[in-house]
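Student: First, the structure itself, so that you have it in front of you.
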Amino acid sequence: MSKLVLCVPNFSEGRDKGVIDAITKAAMAVPGVRVLDLETDPDHHRCVFSFVAPPEAAVEAAFKSAERAVELIDLTKHKGEHPRMGAVDVIPFIPLDGDLAECRFLANKLGERVGRELGVPVFLYDRAARRPERENLANVRKGQFEGLRESIGKDPAREPDFGPSRIHPTAGATAVGAREQIINFNLNISGLTMAQGASIAKKVRASGGGLPHVRAKEIDLAAKGLVQISTVLTDYRETPMAKVLDAVRTECEAVGAEVVATEIIGLIPREALVDFALNRLRVESFTKEQILEKRLEALSGGWEAAAERLAEAFASTDPTPGGGSAAGTAGAIACALGRMASGISAASKKVDQARKDALESAREGFKSLQGEFHRLTGADAASFDTVMAAFKLPKDDPARTAKVQESLQHAAEVPLETARRAVEALRRVKETAGKAVGTVASDMNCAAHLLRAAALCALENVEINAGSLKDPKAAAGLRAEAEDVRKSLSE
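Residues in the sequence shown are numbered consecutively from 75, following this note's numbering.
Right under this line is the structure:
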């Protein structure tokens, strides 16, 4: 699998399904994006959208969704229980492999673009913060939209990291950051006044001398007759949910109130739920290897099982993944074989240093190309999903024809790029084969055969999508480029 990052943008809209759909679809249209979760809360008037994508695609998807939110959300008409300073309130990037440095880079890249293209002031926060006081999101969002509107451009402490030194009149400001996985854990309480809730929140949160790694705020759930203590656990291993629940319960009992329900907003690591269960059950001498699913995952984690799952994905009656993704997969496997053959050859005692250096360089090249093929595998499936979505638009929609044609054009361009990459990788195989040791000659030949197949399969997808274009000039251009690739295969 190509490298993925998690992105969890928060938008100040929790009631209008049409607006929420438009925002999320803007992100989903970006190739390589896979949606994990969407949480909406009408009381908070907020939605939280979680997706994973390769790094560059994650930035593009976050920008596209932000662009739609800026168009559709007017904060001057927004009333909700959750603090907010922007239509796009917060966009964090979260590493799935522990690489926060890359997420900081992505946050800066997105922040600069949002500020420049959308005219929205952007504040970097948490691990992307450029000022220590902005590591805490609450400090960044202090005063919310209305307060920031008065202070930005006047108070040097409110100078944004990107964008104009003035509030966007309807979209406010945006916080963009990099952070570790957090847990949004809310506790709904009966028999509590807002003043008592404020006191409990202060006692529980780290800044009030309470639990470390916990942020907490009281929220009035008037429609339910409850007060909510909304918490964020920034390090759930150090301060788990059980500890937060116990602390809030203790404070509630002191004033005759009761925790009647809890909520988890967004996604949560399985580890956190298992730890909570173990805490409550007081299980002794337990290891996590006793969890059935963990054993099953270990059994299904080998490459043979992965290959079987891949084949079954192509065998399903869903339209994606299809031939274009198969081409990308074939290219990735070919490059993996190239990496293996180069690595074995470089490690051979029969190879001199100059040849070894060339093989190591080739191995890195194959690795880079393998990543590109993984990206294109997902991009091809995503491009066809976009075609299907365009065809499902109402026939009386004036934008339908243009969207169908635009999606078909993109669905032809993606496999064309796959075919070009296959030709590039094939040249690398031919260059490397002469330097490789004889024991891997068959592997290099297999890589070459797979790359030719990948290119031809990809070109089939170029042709079928070009054939559906109504613009003959665009179709002819795609076919001409495809023919150039086809000729390159025989060189």
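Each residue gets a CB set at the ideal place from its N, CA and C atoms; glycine is no exception. Bear in mind the structure is a predicted one, so any value in this text is a computation, not a measurement.
Can you find a C-beta in chain B that's less than 8 Å from the C-beta of Arg-449?
Tutor: Within the model displayed, chain B is absent; a lone protein chain is all it includes.
Student: Looking only at its own chain, which residues have a Cβ that is under 6 Å from the Cβ of Asp-148, when we skip the five neighbours before and after it?
Tutor: For the purposes of this step, residue 148 is taken as residue 74 along the sequence shown, with counting starting at 1. Excluding positions up to five away in sequence, the list reads Thr-244.
Student: Which class does Ser-481 belong to by DSSP, given the choice of helix, strand or coil?
Tutor: Indexing the sequence shown from 1 puts residue 481 at position 407. Correct three-state label for Ser-481: helix.
Student: Give me the residue from Gly-92, Ala-231 and Arg-494 with the minimum Cα distance to Phe-447.
Tutor: Mapped onto the sequence shown, residue 447 falls at position 373. That would be Arg-494, whose Cα lies nearest to the Cα of Phe-447.
Student: Smallest Cα separation from Gly-396: which of Gln-427, Ala-351 and Val-536?
Tutor: Taking the sequence shown and counting its residues from 1, the one referred to as residue 396 is at position 322. With distances taken between Cα atoms, Gly-396 lies closest to Val-536.
Student: Which value, in whole angstroms, describes the spacing of the CA atoms of Thr-98 and Arg-215?
Tutor: The sequence position of residue 98 within the sequence shown is 24, counting from 1. The sequence position of residue 215 within the sequence shown is 141, counting from 1. Cα to Cα, Thr-98 sits roughly 23 Å from Arg-215.
Student: Give every residue of the same chain whose Cβ lies closer than 8 Å to the Cβ of Ser-562, excluding the five residues on either side of it in the sequence, and list them in chain order.
Tutor: If you number the sequence shown from 1, residue 562 lands on position 488. Taken in chain order, the residues that qualify are Val-497.
Student: Ignoring anything shorter than 3 residues or poking outside the stretch 194–243, list the beta strand (DSSP E) runs there in chain order.
Tutor: If we require 3 residues or more, the beta strand (DSSP E) runs fully inside the stretch 194–243 come out as 196–200.
Student: So, is Met-75 buried or exposed, given that buried needs 16 or more other C-beta atoms within 10 angstroms?
Tutor: For this step, residue 75 is matched to residue 1 along the sequence shown. Its pLDDT being 41, under 50, Met-75 is placed unreliably in this model, and the coordinates cannot settle the point.
Student: Can you pull the DSSP bridge partners for Glu-332?
Tutor: Mapped onto the sequence shown, residue 332 falls at position 258. Paired residue(s): Ser-264.
Student: Does DSSP classify Glu-292 as helix, strand or coil?
Tutor: Residue mapping note: residue 292 aligns to position 218 of the sequence shown, counting from 1. Of the three classes helix, strand and coil, the one that applies to Glu-292 here is strand, per DSSP.
Student: Please state if the CB of Leu-319 and the CB of Leu-261 are separated by a distance shorter than 8 Å.
Tutor: Mapped onto the sequence shown, residue 261 falls at position 187. Mapped onto the sequence shown, residue 319 falls at position 245. Yes, the pair counts as a contact, with Cβ atoms nearer than the cut-off.
Student: Considering only residues of the same chain and omitting the five flanking positions on each side of Lys-424, which have a CB-CB separation below 8 Å?
Tutor: On the sequence shown, residue 424 is found 350 positions in, with the first residue counted as 1. Counting only Cβ-Cβ distances below 8 Å, and skipping sequence neighbours, we find Val-511.
Student: Taking the alpha-carbon positions, what's the His-287 to Arg-311 distance?
Tutor: Looking up residue 287 in the sequence shown gives position 213. Looking up residue 311 in the sequence shown gives position 237. Rounded to whole angstroms, His-287 to Arg-311 spans 10 Å at the Cα level.
Student: Considering only residues of the same chain and omitting the five flanking positions on each side of Ala-103, which have a CB-CB separation below 6 Å?
Tutor: Here residue 103 is taken as the residue at index 29 of the sequence shown, counted from 1. Excluding sequence neighbours, Ala-103 sits near Thr-460.
Student: Could you please give the first and the last residue of the uninterrupted alpha helix (DSSP H) stretch that includes Ser-419?
Tutor: One-based indexing of the sequence shown puts residue 419 at position 345. From DSSP, the alpha helix (DSSP H) with Ser-419 extends over 397–420.
Student: So what's Met-75 in DSSP terms, helix, strand or just coil?
Tutor: For the purposes of this step, residue 75 is taken as residue 1 along the sequence shown, with counting starting at 1. Caution applies to Met-75, whose pLDDT of 41 falls short of 50 and renders its modelled position unreliable; the value that the coordinates give is listed next. If DSSP states are grouped into helix, strand and coil, Met-75 belongs with coil.
Student: Just verifying my parser: in three-state terms, what is the DSSP assignment at Arg-474?
Tutor: Position 400 of the sequence shown, counted from the start, is the residue given in the question as residue 474. Arg-474 falls in the helix class under three-state DSSP.
Student: Would a C-beta distance cut-off of 8 Å place Gly-284 and Ala-321 closer than the cut-off?
Tutor: Within the sequence shown, the letter at position 210 stands for residue 284. Within the sequence shown, the letter at position 247 stands for residue 321. Cβ atoms of Gly-284 and Ala-321: closer than 8 Å.
Student: Relative to the alpha-carbon of Val-503, which residue among Ala-96, Leu-411 and Thr-150 has its alpha-carbon at the smallest distance?
Tutor: Looking up residue 503 in the sequence shown gives position 429. Considering only alpha carbons, the answer is Leu-411.
Student: Does the distance from the CB of Leu-295 to the CB of Asp-117 come in under 8 Å?
Tutor: The sequence position of residue 295 within the sequence shown is 221, counting from 1. The sequence position of residue 117 within the sequence shown is 43, counting from 1. Yes; because the gap between Cβ atoms is below 8 Å, this pair is in contact.
Student: Can you pull the DSSP bridge partners for Ala-181?
Tutor: Locating residue 181 in the sequence shown gives position 107, where the first residue counts as 1. DSSP lists no partner for Ala-181.
Student: Nearest-angstrom Cα distance between Lys-183 and Leu-524?
Tutor: As a position in the sequence shown, residue 183 is number 109, starting the count at 1. As a position in the sequence shown, residue 524 is number 450, starting the count at 1. Taking the straight line from one Cα to the other gives about 36 Å.
Student: Leaving aside the five residues before and after Val-107 along the sequence, list all residues of the same chain whose C-beta is less than 7 Å from its C-beta, in chain order.
Tutor: Sequence index remark: in the sequence shown, residue 107 carries index 33 (1-based). If we look at Val-107 and ignore the five residues flanking it on each side, its Cβ neighbours are Ala-101, Phe-125, Ala-127, Ala-131, Ala-135 and Ala-456.
Student: Name the residue from His-156, Asn-213 and Gly-282 whose alpha carbon lies nearest to the alpha carbon of Ile-293.
Tutor: Indexing the sequence shown from 1 puts residue 293 at position 219. Checked all of His-156, Asn-213 and Gly-282; the closest Cα to Ile-293 is His-156.
Student: Alpha carbon to alpha carbon, how far is Phe-440 from Cys-409? Give it in angstroms, no decimals.
Tutor: Taking the first residue of the sequence shown as 1, we reach residue 409 at position 335. Taking the first residue of the sequence shown as 1, we reach residue 440 at position 366. Going by the C-alpha atoms only, they are around 5 Å apart.
Student: Do the stretch 352–367 and the stretch 295–306 meet, that is, are 3 or more Cβ pairs less than 8 Å apart?
Tutor: Flag = no, the stretch 352–367 and the stretch 295–306 do not touch.
Student: So, for Phe-350: in the same chain, excluding its five sequence neighbours on each side, which residues have a beta-carbon less than 7 Å away from its beta-carbon?
Tutor: Along the sequence shown, read from residue 1 onward, the residue named residue 350 stands at position 276. Pro-314, Met-315 and Ala-316, listed in sequence order.
Student: Sort out for me which residues DSSP pairs Arg-120 with in a bridge.
Tutor: For this step, residue 120 is matched to residue 46 along the sequence shown. Per DSSP, Asp-115.
Student: Starting from the Cα of Pro-238, find the closest Cα among Gly-189, Ala-202, Phe-197 and Lys-469 and give me that residue.
Tutor: In the sequence shown, residue 238 corresponds to position 164, counting from 1. Of the candidates Gly-189, Ala-202, Phe-197 and Lys-469, the one whose C-alpha sits nearest the C-alpha of Pro-238 is Gly-189.
Student: Checking 8 Å against the spacing of the C-beta atoms, do Gln-255 and Met-159 come in under that value?
Tutor: For this step, residue 255 is matched to residue 181 along the sequence shown. For this step, residue 159 is matched to residue 85 along the sequence shown. Cβ atoms of Gln-255 and Met-159: not closer than 8 Å.
Student: Under a three-way DSSP split, which group does Ala-252 fall into?
Tutor: What you label residue 252 is simply residue 178 of the sequence shown in a count that begins at 1. Note: Ala-252 maps to strand in three-state DSSP.
Student: Using the C-alpha atoms, what's the distance from Pro-234 back to Ile-257?
Tutor: On the sequence shown, position 183 is the one that residue 257 refers to. On the sequence shown, position 160 is the one that residue 234 refers to. Going by the C-alpha atoms only, they are around 27 Å apart.
Student: Give the single residue among Phe-388, Ala-406 and Ala-432 whose Cα lies nearest to the Cα of Gly-417.
Tutor: Here residue 417 refers to the residue found at position 343 when the sequence shown is read from its first residue. Taking only the C-alpha atoms, the option nearest Gly-417 is Ala-432.
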